[in-house]
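According to the working numbering, numbering within the sequence shown proceeds without interruption in unit steps and concludes at 200. Just so it is clear, CB atoms sit at the ideal spot from N, CA and C, and this is done for glycine as well. Below you'll find the structure, written out as structure tokens, and then a few comments.
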Amino acid sequence: MEAKTIKKWTSNIVTTILFFVLIVMLFVVISSKASGGEPQAFGYQLKTVLSGSMEPGIKTGSIIAVKPGGDMTRFKKSDVITFKSEDNVFVTHRVAKIIKNGDQVSYQTKGDNNKTEDLNPVLSNNVIAEYSGFTIPYLGYFADYTKSKTGGALLLLLPGLLILAYAGFSIWKTVSQLESKVNKVAEIESTDKSV
Numbered sequence: 006m007e008a009k010t011i012k013k014w015t016s017n018i019v020t021t022i023l024f025f026v027l028i029v030m031l032f033v034v035i036s037s038k039a040s041g042g043e044p045q046a047f048g049y050q051l052k053t054v055l056s057g058s059m060e061p062g063i064k065t066g067s068i069i070a071v072k073p074g075g076d077m078t079r080f081k082k083s084d085v086i087t088f089k090s091e092d093n094v095f096v097t098h099r100v101a102k103i104i105k106n107g108d109q110v111s112y113q114t115k116g117d118n119n120k121t122e123d124l125n126p127v128l129s130n131n132v133i134a135e136y137s138g139f140t141i142p143y144l145g146y147f148a149d150y151t152k153s154k155t156g157g158a159l160l161l162l163l164p165g166l167l168i169l170a171y172a173g174f175s176i177w178k179t180v181s182q183l184e185s186k187v188n189k190v191a192e193i194e195s196t197d198k199s200v
């Protein structure tokens with residue numbers, strides 16, 4: 006394969022990746038604004054883990070995918086659930102025990118990295134989702150930043166600026182190559198005239 010073909014393929018791949026990143030960023034921002042702050046994809050919500058209570062399986066700063074909906078009384082011991090705590094904070098912990106009281110179901114939960122079970126049982130009504138097992142370590146720090154006004158603006162602007170910078174570089178490179186060819190043709194013509 007010659008060098009020009011490789012450069013052309015590289016240029017096309019970089020442009021496609023930058024465009025894809027822009028589309029993904031737009032999707033994340035629009036999805037999170039439409040769903041009240043939680044991005045969703047294919048029926049899963051993406052949550053940021055800000056504590057180490059589930060380490061080593063789920064690292065602090067990870068993004069996890071959880072599946073909302075369904076019968077929240079269906080969970081068994083060892084299932085990992087996401088629930089709203091009494092402080093209105095979302096927590097993802099493992100079910101340690103199931104407590105049934107008539108029709109009411111509660112879960113005693115525990116973080117994998119915690120020595121003791123959580124203080125208060127979780128009512129099934131407060132469970133919002135089940136952990137899917139999908140985790141991206143450390144991306145949660147970035148996702149948490151993007152929820153701020155500055156982060157959201159940066160998330161939308163950065164891919165566009167990268168595409169503009171790459172387009173400017175491509176135009177500059179093409180103009181430089183054209184000038185080089187014009188100069189070579191002018192040199193050849195001046196050499197032919199002097200002979």
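DSSP bridge partner residues for residue i (one or two, in chain order)
i: S56; result: Answer is none; S56 lacks a bridge partner.
i: F174; result: Answer by DSSP bridge pairing: none, since F174 is not bridged.
i: Q182; result: Paired residues: none, contrary to the question.
i: L51; result: A70
Three-state secondary structure assigned by DSSP to residue i
i: G156; result: helix
i: T114; result: strand
i: F147; result: helix
i: K72; result: strand
i: L124; result: coil
Run of the beta strand (DSSP E) containing residue i, from where it starts to where it stops
i: I63; result: It is not in any beta strand (DSSP E) - I63 carries neither H nor E in the DSSP assignment.
i: G138; result: 132–141
i: F88; result: 85–89
i: F95; result: 95–106
Interface flag, residue i vs chain B, CB-CB below 7 Å
i: I141; result: Protein chain content of the structure displayed is limited to a single chain, and chain B is not contained in it.
Residue i Cβ short of 6 Å to the ligand GDP heavy atom set
i: W177; result: Among the components modelled here there is no ligand, and therefore nothing to report on the ligand GDP.
message = Does the structure place the stretch 125–134 close enough to the stretch 75–90 that three or more beta carbon pairs sit under 8 Å?
response = Contact holds between the stretch 75–90 and the stretch 125–134, because three or more Cβ pairs, one in each stretch, are under 8 Å apart.
inquiry  = Taking contact to mean 3 or more Cβ pairs, one atom from each stretch, closer than 8 Å, check whether the stretch 110–126 and the stretch 138–154 are in contact.
reply    = Too few Cβ pairs lie closer than 8 Å, so no.
request  = Flag this pair as touching only if the stretch 106–117 and the stretch 160–174 have three or more C-beta atom pairs under 8 Å; answer yes or no.
outcome  = Output reads no: the stretch 160–174 does not touch the stretch 106–117.
message = I'd like to know if the stretch 49–65 and the stretch 91–108 are in contact, where contact means that at least 3 CB-CB pairs between them fall below 8 Å.
response = In short, these stretches touch, since the Cβ pair count reaches three.
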